[in-house]
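Going by the numbering used here, the first residue of the sequence shown is number 3, and it counts up by one from there.
Everything below concerns the one structure shown next.
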Amino acid sequence: AQRPAQAAAAAAGPAEGGAAEADAELGPEEWSTLEQLVAEQAASLAGGAADTPTTVCWVLRVEVEQLALQLQEGSGRLICQAAMQGVDAGVVGYPATHDCLFAVAKFGVTSSHGPLVSSGSLAAAAHSIRPAAGAANHAMSLRLLRNPQDGSCDLLVQLAVAPSYVTYNNAALAEVAGFFRTEEALELSRLQAQAAARTDKLRHMAQLQLRALSQRSTASKPRMRLAMTLHAPKVAVPDDSGSITLIADLGCFTVRSNPPASKSMSAEEAALYEPFVAKVDHVSAYLLDGNFAWPSNEELAAAATAAAETAEPAAAASEAFVEAQQQ
3 AQRPAQAAAA
13 AAGPAEGGAA
23 EADAELGPEE
33 WSTLEQLVAE
43 QAASLAGGAA
53 DTPTTVCWVL
63 RVEVEQLALQ
73 LQEGSGRLIC
83 QAAMQGVDAG
93 VVGYPATHDC
103 LFAVAKFGVT
113 SSHGPLVSSG
123 SLAAAAHSIR
133 PAAGAANHAM
143 SLRLLRNPQD
153 GSCDLLVQLA
163 VAPSYVTYNN
173 AALAEVAGFF
183 RTEEALELSR
193 LQAQAAARTD
203 KLRHMAQLQL
213 RALSQRSTAS
223 KPRMRLAMTL
233 HAPKVAVPDD
243 SGSITLIADL
253 GCFTVRSNPP
263 ASKSMSAEEA
273 ALYEPFVAKV
283 DHVSAYLLDG
293 NFAWPSNEEL
303 AAAATAAAET
313 AEPAAAASEA
323 FVEAQQQ
């Protein structure tokens with residue numbers, strides 16, 4: 003690997019073009035990281051060298067085509083079914099790093115009265131974070147990266163949940179509630195006493211943890227980086243007569259780590275708190291005449307594929323515009 007200046011000196015004539023543009027986009031830190039990776043790879047191929055931070059020690063992966071939970075009456079009549087499809091879980095182990103990924107392609111809930119919940123796709127979701135590798139077409143992806151090789155943090159958490167489409171059905175919910183209804187009356191006073199005792203115990207534990215946190219230094223505080231995009235459900239609530247349907251889009255909730263904010267904190271605050279930026283947007287509601295039904299899973303999948311094909315050029319154009327504005 004050669005730095006841009008060295009590559010320019012060694013290149014001749016037709017070497018200009020895409021490669022030169024790629025070199026110009028890499029800064030000193032990127033080139034240093036690239037050179038380190040190349041050196042580690044060369045040492046690994048030479049054999050006899052110790053494991054590098056990027057050496058894969060072991061891999062564990064589990065794939066499940068479908069998971070389902072059914073509620074049935076004694077006669078075998080189906081009340082409700084919750085299912086997940088395309089469950090993918092994996093862990094990659096490095097000498098000091100563990101990379102865990104959990105993703106679900108689809109999830110949904112159906113009843114004898116029709117579908118209640120169906121999932122969308124991260125590829126079709128607007129204003130979403132970039133999903134973890136291999137999870138772009140999933141409905142949910144979670145990545146936990148412990149001790150990243152670049153040393154930027156101690157734990158990286160990335161969570162993305164696609165929108166889900168919910169249809170309110172009073173009859174279906176009444177059947178589910180009836181399934182779990184007990185014949186014996188519950189003693190509410192006893193439950194309240196147990197809950198109060200549990201709350202007091204948790205409060206005492208929280209006080210002890212805060213006291214321990216206040217005594218540690220900033221350097222000993224675990225560094226966590228968080229990036230979450232949770233698309234809230236889109237809910238359809240028809241009236242009893244079926245003449246009007248309320249469509250409620252509960253928006254999108256995002257949380258991001260904000261490390262620069264730590265510089266404005268005191269040493270005591272920096273040892274206790276981790277700064278984040280949270281935002282809720284795209285909340286809306288509509289009234290529609292007549293009955294309404296969400297698209298089927300097949301139609302949602304087709305829409306997700308079409309959106310994914312157009313999302314990449316749009317994202318590239320957006321990034322180029324932002325870079326131009328910054329320059």
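From the three backbone atoms N, C-alpha and C, an ideal C-beta is built for every residue, glycine too.
It should be emphasised that the depicted structure is a prediction, and the values quoted were computed from it without experimental measurement.
For Q72, the three-state DSSP class (helix, strand or coil): Strand at Q72.
Close Cβ partners of S121 (< 7 angstroms) along its chain, the five nearest in sequence each way excluded: Result list for S121: K108, F109, G110, A141, A164 and S166, in chain order.
Cutoff 7 angstroms; reference F323; Cβ partners in own chain excluding five residues on either side: With a pLDDT of only 45 at F323, under 50, the local geometry of the prediction cannot be trusted, and the value read off the model is given with reservation. Cβ-Cβ distances below 7 angstroms link F323 to nothing in the same chain once the five nearest sequence neighbours on each side are left out.
Cβ-based burial, P133 [other Cβ within 10 Å; buried from 16]: Low local confidence applies: a pLDDT of 49 at P133 is under 50, so the model's placement there is unreliable, with the coordinate-based value given in what follows. Counting Cβ neighbours within 10 Å, P133 comes out buried, since at least 16 surround it.
Opposing strand residues paired with S259 [DSSP bridges]: Answer by DSSP bridge pairing, in chain order: F278.
Status (buried if at least 16 other CB within 10 Å, exposed otherwise) for V282: By the 10 Å Cβ count, V282 comes out exposed.
Inter-residue spacing [alpha-carbon to alpha-carbon] between L147 and C155: Straight-line Cα distance between these residues: approximately 9 angstroms.
9 angstroms Cβ cutoff, L228 in contact with chain C: The structure shown contains no chain C, having only a single protein chain.
Residues bridged to I346 [DSSP beta-bridge criterion]: What the structure shows of the chain is the stretch from 3 to 329, and residue 346 is not part of that stretch, so it cannot be assessed.
S259 to Q194 span [Cα, whole Å]: Their backbone Cα atoms lie some 37 angstroms apart in a straight line.
Endpoints, the beta strand (DSSP E) within which L232 is located: Per DSSP, L232 is one residue of the beta strand (DSSP E) stretching across M226 to H233.
G92, enclosing beta strand (DSSP E) - first and last residue: Here the beta strand (DSSP E) through G92 covers L80 to G95.
Local conformation of W296 per DSSP, three classes: The DSSP-derived three-state label of W296 is coil.
Pairwise C-alpha distance: T184 and T57: Taking the straight line joining both Cα atoms gives about 55 angstroms.
Alpha-carbon spacing of P117 relative to L232, whole angstroms: Looking at the two C-alpha atoms, the distance is approximately 22 angstroms.
As assigned by DSSP and simplified to three states, the class of R63: Residue state, collapsed to three classes: strand.
Cβ pair S114, R79 closer than 9 angstroms: Remark: C-beta atoms of S114 and R79 approach each other more closely than 9 angstroms.
Given L71 as reference, the closest of S34, C82 and E65 once Cα atoms are compared: Of S34, C82 and E65, the residue nearest in Cα terms is C82.
Distance between A85 and E75 (C-alpha atoms, nearest Å): Distance between the alpha carbons of E75 and A85: 18 angstroms.
Neighbourhood of F255 by C-beta, 6 angstroms cutoff - its chain only, sequence neighbours within 5 removed: Only L232 and V282 meet the Cβ criterion.
Burial state of L103, where buried means 16 or more other Cβ atoms lie within 10 Å: Under this definition L103 is a buried residue.
Contacts around K265, its chain only, beta-carbon distance under 7 angstroms, and the 5 residues preceding and following it disregarded: Excluding positions up to five away in sequence, the list is empty.
Assigned secondary structure, M142 (DSSP; H/G/I helix, E/B strand, else coil): Looking at M142 - three-state DSSP - the assignment turns out to be strand.
Best match in L157, R213 and L248 for proximity to P224 [C-alpha to C-alpha]: Taking each of L157, R213 and L248 in turn and checking the Cα distance to P224, the smallest one comes out for L157.
Close beta carbons around A280, own chain, < 6 angstroms, minus the five adjacent residues each side: Correct list, in chain order: V257.
Nonlocal neighbours in the same chain, by C-beta distance under 6 angstroms from A208, ignoring five residues either side: Taken in chain order, the list of residues that qualify is empty.
Within 9 angstroms, strictly: CB atoms of G29 and R63: With respect to the 9 angstroms criterion, G29 and R63 are not classified as neighbours on the basis of their beta carbons.
Assumed close pair T169, A238 - CB separation to whole angstroms, cut-off 8 angstroms: About 5 angstroms separates the Cβ atoms of T169 and A238, confirming a contact at the 8 angstroms cut-off.
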